[in-house]
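In what follows, a structure is listed as structure tokens, so that the remarks can point back to it.
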Amino acid sequence: MSQSLSPTGVLELKDWRSLLLTGSDIFDFLHRLSTLDFRSPQPSVRLGALLSGRAQLVSGGFFESTADGVVYTLPNALVSETLTHLERFHFSEAVTFSLDTSSTIWVADRQSAEVLRPLATRSWELRELPNVVWFRVRQDREWNRQISSLASMSRSELHAYFLENGSAILDLEKIRNALILEVNLENAVDRNKGCYPGQEVVERIFSYGNANRKLLPVEMKKDPENLPCTLRCDGKEAGLLVAYEAHGGLFRGLALVHRNYWDKKHLKGDPDLVATIL
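Start counting the sequence shown at 5; every next residue gets the next number (this note's numbering).
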């Protein structure tokens, strides 16, 4: 395995947006619809998801509780379908959904984050990605001044760091047809909170065993010709490469691998790609 990455600097995630979810019934509505418990005291920002009835990912991201409701920060590619999904389950509740046009989303290494925290609207971290701090920001002159004095983070290094650690947070739109417990999002689920779409499937997997597939970090020495890319072992289909990034002469990726092949070291793709499970 190559040396572990630790991205440095500051980067705006221009392909992420925030939704404003408001109204007097919004917490009950999201308690019923999302994977998170909105009826008990919780951290102000949490990783969560909206699921189909089969526990497939509709969207995932960060749910931030505020005095006015909830700010849902997620990839822009999932915004339209998320709004459609919310409206589909909206009946008589007093809730409204809108784009937050005044906020931008940033990430920074921990040292840079110490300078930026006092200027951000909100900051948060994920324990599985300890070298990165997230920010939601309403930019002003002081924020821009501080940003200009800090190094810029490489998007490719950030992406490679996420992939190396088995995180699909930057690739959620590529795994939408997967079950939430197949794609390393266990921390996005609050157990025993009551019913929500997909809850029966999620609890069955938690209670009776692993999912049939798992998202595993892999490393390659060349570009895959196509994405997604079928991976094989001994001539049999073993998994699917769903994301990758080139950085530092290596290609890191994520592959959805069937449980029969989790203990295999090398999987092969067409025509001569070799994906090494990390």
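Where a beta carbon is used, it is the ideal one built from N, C-alpha and C, also for glycine.
Where the alpha helix (DSSP H) through residue i begins and ends
| i | result |
| --- | --- |
| Ser48 | No alpha helix (DSSP H) holds Ser48; DSSP gives it neither H nor E. |
Bridge partner(s) assigned by DSSP for residue i
| i | result |
| --- | --- |
| Gln60 | Leu183 |
| Lys240 | Cys237 |
| Leu55 | Leu61 |
| Pro79 | Trp20 |
For residue j and residue i, the rounded distance between their alpha carbons
| i | j | result |
| --- | --- | --- |
| Leu120 | His89 | 34 Å |
| Met5 | Ser69 | Here the model assigns Met5 a pLDDT of 48, short of 50, so the residue's position is not dependable and the matter cannot be decided. |
| Leu235 | His163 | 21 Å |
| Arg50 | Leu82 | 18 Å |
| Trp110 | Tyr212 | 39 Å |
| Val137 | Gly239 | 42 Å |
| Leu185 | Arg145 | 42 Å |
| Pro221 | Leu9 | 13 Å |
| Phe31 | Leu277 | 47 Å |
| Glu132 | Trp147 | 27 Å |
| Gln150 | Asp104 | 23 Å |
| Phe67 | Leu25 | 10 Å |
Cβ-Cβ distance between residue i and residue j below 7 Å
| i | j | result |
| --- | --- | --- |
| Ala172 | Val193 | no |
| Thr86 | Ser63 | yes |
| Leu183 | Ala53 | no |
| His251 | Glu168 | no |
| Leu15 | Met157 | yes |
| Leu78 | Gly57 | no |
| Gly170 | Pro228 | no |
| Leu34 | Phe42 | yes |
| Lys226 | Val261 | no |
| Ala247 | Leu258 | yes |
| Ala242 | Leu282 | no |
| Gly27 | Ala71 | no |
| Ser22 | Val74 | no |
| Val141 | Ala155 | no |
Where the beta strand (DSSP E) containing residue i begins and where it ends
| i | result |
| --- | --- |
| His270 | His270 to Gly273 |
| Thr100 | Thr100 to Leu103 |
| Thr26 | Trp20 to Thr26 |
| Ser127 | Arg126 to Leu130 |
| Asn135 | Leu133 to Val141 |
With 16 other Cβ atoms within 10 Å as the buried cut-off, status of residue i
| i | result |
| --- | --- |
| Thr100 | exposed |
| Ser38 | buried |
| Asp113 | buried |
| Glu249 | buried |
| Ala279 | buried |
| Arg4 | This structure cannot speak to residue 4, because the chain is shown only from 5 to 282. |
| Cys233 | buried |
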